[in-house]
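Participant:
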């Protein structure tokens, strides 16, 4: 009987020792060290650019010229197309492209409109499009801007500077791309583009103005400006 009790006690002690061994090897007191946590490398901030298309229905591309030295004559180019690409956080980093078909010029006088599309003036059969592109914008004053670009007209390209203002959508909604307005004007000499007819009866100096609205394009339309 004593021998049996001794045997049971030995078995109990052996089991207890085994459990203690497991606890010491894997329990909270001697847990296996956790693998080191790798810290991801810092990433440089990404710039999300915004591409908007020009809305022809809300865009006005016009010119004016003095005639006979006593008055100013006005005309408009309809159906302008194009877009603007910019960083909403830094609108001065932009690219603007505006084109207009030269055969869509209109004036108050139908006879003058027909003459402007002919070979003595815009010669729309040879030069069906005029184009303005700009990559540089500066702000000479908080509420003023200066857009430096190039105008291609009548097959000739020259620098053209427009001055005016840029109007982001109300309530800081530019990043949503609801709308952006550009109002600007500039001066050029038509003779620099080979438009020489009827000088000096019709002045050489032209004033051009652009009132453009840029909006987000429909889904699937792609960027406003091809890369």
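Numbering (our numbering), first residue to last: 99 to 325.
We put the CB at the ideal spot given by N, CA and C, even for glycine.
1) How far does the alpha helix (DSSP H) with residue 297 in it reach, from first residue to last?
2) Taking DSSP's pairing of strands, which residues face residue 171 in a bridge?
3) When the distance is taken between beta carbons, is residue 216 closer than 8 Å to residue 252?
4) Just to check my reading of the structure: residue 174 and residue 160 have Cβ atoms closer than 8 Å, yes? What is that Cβ distance to the nearest angstrom?
5) Considering only DSSP beta bridges, list what residue 182 is partnered with.
6) Closest to residue 294 by C-alpha separation, out of 197, 214 and 232, would be which residue?
7) With DSSP run on the structure shown, which of helix, strand or coil describes residue 220?
8) Where does the unbroken beta strand (DSSP E) through residue 232 begin, and where does it stop?
9) Cβ of residue 199 within 8 Å of Cβ of residue 221?
10) Candidates 263, 188, 257 and 247: which alpha carbon is nearest residue 238's?
11) I'd like to confirm the pairing. Which residues does DSSP put opposite residue 244 in its beta bridges?
12) Nearest CA to the CA of residue 234: which residue from 302, 184, 298 and 314?
13) Are the beta-carbon atoms belonging to residue 283 and residue 306 less than 8 Å from one another?
Facilitator: In brief:
1) As a working mapping, residue 297 is identified with position 199 in the chain shown. Counting along the chain, residue 297 falls outside any alpha helix (DSSP H), and DSSP gives it neither H nor E.
2) Counted from its first residue, the chain shown places residue 171 at position 73. 163, per the DSSP bridge assignment.
3) The residue given as residue 252 occupies position 154 in the chain shown. The residue given as residue 216 occupies position 118 in the chain shown. Their beta carbons are not under 8 Å apart, which means residue 252 does not touch residue 216 by this criterion.
4) By 1-based counting over the chain shown, the position of residue 174 is 76. By 1-based counting over the chain shown, the position of residue 160 is 62. Right, the Cβ-Cβ distance comes to about 5 Å (below 8 Å), so this counts as a contact.
5) Counting from one through the chain shown, the residue named residue 182 turns up at place 84. Its beta-bridge partners are 150 and 194.
6) Residue 294 sits at position 196 when you count from the first residue of the chain shown. The shortest C-alpha separation from residue 294 is found at 214.
7) Locating residue 220 in the chain shown gives position 122, where the first residue counts as 1. It is coil, neither helix nor strand.
8) Start at 1 with the first residue of the chain shown, and residue 232 comes out as number 134. That run of the beta strand (DSSP E) goes 227 to 239.
9) If you number the chain shown from 1, residue 199 lands on position 101. If you number the chain shown from 1, residue 221 lands on position 123. No, Cβ-Cβ distance for residue 199 and residue 221 is not below 8 Å.
10) By one-based count along the chain shown, residue 238 stands at place 140. Among 263, 188, 257 and 247, the Cα nearest to that of residue 238 is on 263.
11) The residue labelled residue 244 in the question sits at position 146 within the chain shown. DSSP links residue 244 through a beta bridge to 236 and 261.
12) Sequence index remark: in the chain shown, residue 234 carries index 136 (1-based). Looking at the Cα atoms, 184 is the closest of the given residues.
13) On the chain shown, position 185 is the one that residue 283 refers to. On the chain shown, position 208 is the one that residue 306 refers to. Yes, these two residues count as a Cβ contact at 8 Å.
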